[in-house]
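Colleague: In our numbering, the protein residues as written are -1 to 603.
All C-beta atoms, glycine included, are put in the ideal place defined by N, C-alpha and C.
Given the structure is predicted, the values throughout are model-derived calculations rather than measurements.
#1: Count the other CB atoms within 10 Å of the CB of residue 174; is the residue buried (16 or more) or exposed (fewer)?
#2: Does the region 169 to 189 touch the region 199 to 213, meaning 3 or more C-beta pairs lie closer than 8 Å?
#3: If you run the structure through DSSP and keep just helix, strand and coil, what is residue 309?
#4: How big is the Cα-Cα spacing for residue 337 and residue 522?
#5: According to DSSP, is residue 53 part of a helix, a strand, or is it coil?
#6: Check this for me: beta carbons of residue 453 and residue 476, under 8 Å apart or not?
#7: Please classify residue 230: is it buried, with 16 or more other beta-carbons within 10 angstroms of its beta-carbon, or exposed?
#8: Give the secondary structure of residue 272 by DSSP, where H, G and I count as helix, E and B as strand, and everything else as coil.
#9: Could you tell me the distance, in whole angstroms, from the CA atom of residue 382 to the CA atom of residue 438?
#10: Could you check what DSSP says for residue 436 in three-state terms: helix, strand or coil?
#11: What ranges does the beta strand (DSSP E) occupy inside the region 443 to 507, keeping only unbroken runs of at least 3 residues that lie completely in it?
#12: Determine the direct distance from the alpha carbon of residue 410 to that of residue 371, and round the result to whole angstroms.
#13: Where does residue 174 sit, in a helix, a strand or coil, going by DSSP?
#14: Any chance the region 92 to 101 sits against the region 115 to 132, with 3 or more Cβ pairs inside 8 Å?
#15: Residues in the same chain with beta-carbon distance under 6 Å from residue 27, minus the five sequence neighbours each way, listed in chain order, please.
#16: With DSSP collapsed to three states, give me the class of residue 258.
#17: Output the distance between the C-alpha atoms of residue 236 and residue 243, rounded to the nearest integer angstrom.
#18: DSSP puts residue 336 in a beta bridge; with which residues?
#19: Considering Cα atoms alone, identify which of 310, 388, 424, 308 is closest to residue 347.
#20: Terminal residues of the continuous alpha helix (DSSP H) containing residue 247?
#21: Hey, could you find the ends of the beta strand (DSSP E) residue 207 is sitting in?
#22: Out of 526, 85, 394, 168, which one is the CA nearest neighbour of residue 289?
#23: Are three or more beta carbon pairs between the region 529 to 537 and the region 281 to 299 nearer than 8 Å?
#24: Within 8 Å, do at least three Cβ pairs link the region 539 to 559 to the region 469 to 488?
#25: Taking the C-alpha atoms as reference points, what is the distance between residue 384 and residue 440?
#26: Around the Cβ of residue 528, are there at least 16 other Cβ atoms within 10 angstroms (buried) or fewer (exposed)?
#27: Report the three-state DSSP secondary structure of residue 406 (helix, strand or coil).
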């Protein structure tokens, strides 16, 4: 039976022993609620519309034109040749090979297969997308469903979503937002193979594209940013660190529509599913700024211990008692001192996620005068830091510091010197909410530095004044590491360092208030100007474990170069071998503040 440029309308169910041929003029077979049974084949050479149930004893071959199956087609096999298109909302009961175009729906709609579907490398899979519904017509998107436990869908060729120029009742005005998903293929027997790529359609929002997510039984189209390192293309803002992370992700990003490796999927699949408003915060969580934050806090902790030693040296100068109320008068006096330390800091920035920290520890030492001019001593310090970044990352670590110190005094002039080293270790934890994991990194580090403080000691009635200039520096190093517990989304962190060179210009005033023969209180106040010449922020170089060839760099929030230093001190001198003391020092600038408290005792013999 040959049909060309005509319609076959069935008024009842019937059968034929021959084949059905659709000529180049095309045609329609409308069986309606009835059934057409043919012992032969179906050959289509032009536009063809099938309505109702058609059962063939042989194969079906669609050689050219567009064929719409809007009922049931049963055949031994179905071939869609390179010049042909298969459309419709019907059910195909035949193993199907598509060499041409597969476009389910007449407008958006669903086509169902009850046998395996195989796409050839030259095939095109078109999915009309006019909304998020799974029905037919306007406001819906097209789907292919393959039923049957043994029936698989083998992907190949081009993936071509369509937003504009959709036929039928589609509005042709739908623009999907970032993060919107469309599960266009569902295969009960499994999904295999890969499309070669996505043909990006007209109608997408600026700065967006379609990507494909492959699952064991489904294929999902999802709208994503065209560039994570340039979210501005999509009208979204991002910080410099977010741009650095996004640029690295873009460099390792697989082509749109291609099946990703396991490592790629672990990194990008959670990212692709994010709505627009969640992307920048997730990029911030992926940014390993906590390692640079921890280095900057370690720098502050170094100075926390050296400042305690500096206070100790000041206590040995004549009637200058400082935090140490006990007056040293005899040249052979020796002392053991112990100071508890605490510091609380906050660093903030409009452009970079900031951090807060708390540190506690102890400094202790022993010193003795060599003569009336020179004093020497040795000290050690232990500090523990807890750093919390604004992107939910945290760091806990310990540092052991040791050093030698000494002082020289001639007349009213004095010079204090320090030199020492440090060893540290710690653990960083970075919750990655979008990935439902927490990356863990174990760090180790070292440092070396020293200081020099020179000034004069002046008496002004009951007051003692001590203007001075301090030059102090330290170099801190952190070893390389590889994070665990986050899989491919974890990071390999390169070694890093922070250098500091500071000057502190200030003065301190104090007086001794005597209460009887055995008790004296020594209050004092200090003011100063602190300037940092080297690093004001920590830098971290990293690469994703799942994309080791692409590295990126991020920086912690900067600490201001200039800061005001204000100190309040009090010492209680019991006029015996024991003295107790306490102090508060505030370091303040435009982008950070640090509050330091200390208390301790000293025994002289």
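Modeller: Checking against the coordinates, here is how it stands:
#1: Within the chain shown, residue 174 is the residue found at index 176, counting from 1. Of the residues assessed, residue 174 falls on the buried side of the cut-off, its CB having 16 or more other CB atoms within 10 angstroms.
#2: Using a C-beta cut-off of 8 Å, the region 199 to 213 makes contact with the region 169 to 189, since at least three inter-stretch Cβ pairs fall below that distance.
#3: Your numbering for residue 309 matches position 311 in the chain shown. Residue 309: helix per DSSP, three-state reduction.
#4: In the chain shown, the residue the question calls residue 337 occupies position 339. In the chain shown, the residue the question calls residue 522 occupies position 524. Taking the straight line joining both Cα atoms gives about 18 Å.
#5: Within the chain shown, numbered from 1, the residue matching residue 53 stands at position 55. Correct three-state label for residue 53: strand.
#6: Here the question's residue 453 lines up with position 455 in the chain shown. Here the question's residue 476 lines up with position 478 in the chain shown. For residue 453 and residue 476, no; Cβs fall outside 8 Å.
#7: In the chain shown, residue 230 corresponds to position 232, counting from 1. Looking at its Cβ environment, which holds fewer than 16 other Cβ atoms inside 10 Å, residue 230 is exposed.
#8: Working through the chain shown from its first residue, we reach residue 272 at position 274. In this structure, residue 272 counts as coil in the three-state DSSP scheme.
#9: By 1-based counting over the chain shown, the position of residue 382 is 384. By 1-based counting over the chain shown, the position of residue 438 is 440. Residue 382 and residue 438: Cα-Cα distance of roughly 18 Å.
#10: Against the chain shown, residue 436 aligns to sequence position 438. Residue state, collapsed to three classes: strand.
#11: Within the region 443 to 507, the complete beta strand (DSSP E) runs of at least 3 residues are 456 to 458, 461 to 463, 466 to 476, 489 to 491.
#12: Start at 1 with the first residue of the chain shown, and residue 371 comes out as number 373. Start at 1 with the first residue of the chain shown, and residue 410 comes out as number 412. Using only the alpha carbons, I get a separation of about 11 Å.
#13: For the purposes of this step, residue 174 is identified with residue 176 of the chain shown, where counting begins at 1. Secondary structure at residue 174: coil, using DSSP grouped into helix, strand and coil.
#14: With a cut-off of 8 Å on Cβ pairs, the region 92 to 101 is in contact with the region 115 to 132, counting three or more such pairs.
#15: One-based indexing of the chain shown puts residue 27 at position 29. Counting only residues of its own chain and dropping the five nearest sequence neighbours on each side, residue 27 has a CB closer than 6 Å to the CB of 6, 48.
#16: Within the chain shown, the letter at position 260 stands for residue 258. Looking at residue 258 - three-state DSSP - the assignment turns out to be coil, as it is neither helix nor strand.
#17: The residue labelled residue 236 in the question sits at position 238 within the chain shown. The residue labelled residue 243 in the question sits at position 245 within the chain shown. Between residue 236 and residue 243, the alpha-carbon positions lie close to 10 Å from each other.
#18: The residue labelled residue 336 in the question sits at position 338 within the chain shown. Under the DSSP definition of a beta bridge, residue 336 partners with 362, 599.
#19: Position 349 of the chain shown holds residue 347. For the residues 310, 388, 424, 308, the minimum Cα distance to residue 347 belongs to 388.
#20: Residue 247 sits at position 249 when you count from the first residue of the chain shown. Taken as a continuous stretch (DSSP letters only), the alpha helix (DSSP H) holding residue 247 covers 238 to 250.
#21: The count along the chain shown starts at 1 and reaches residue 207 at position 209. Counting along the chain, the beta strand (DSSP E) containing residue 207 begins and ends at 206 to 212.
#22: Along the chain shown, one-based indexing puts residue 289 at 291. Of 526, 85, 394, 168, the residue nearest in Cα terms is 394.
#23: Contact holds: three or more Cβ-Cβ distances are below 8 Å.
#24: Yes: at least three Cβ pairs fall under 8 Å.
#25: If you number the chain shown from 1, residue 384 lands on position 386. If you number the chain shown from 1, residue 440 lands on position 442. Roughly 14 Å between the two C-alpha positions.
#26: The residue labelled residue 528 in the question sits at position 530 within the chain shown. Classification for residue 528: buried.
#27: Taking the first residue of the chain shown as 1, we reach residue 406 at position 408. DSSP places residue 406 in strand when its eight states are reduced to three.
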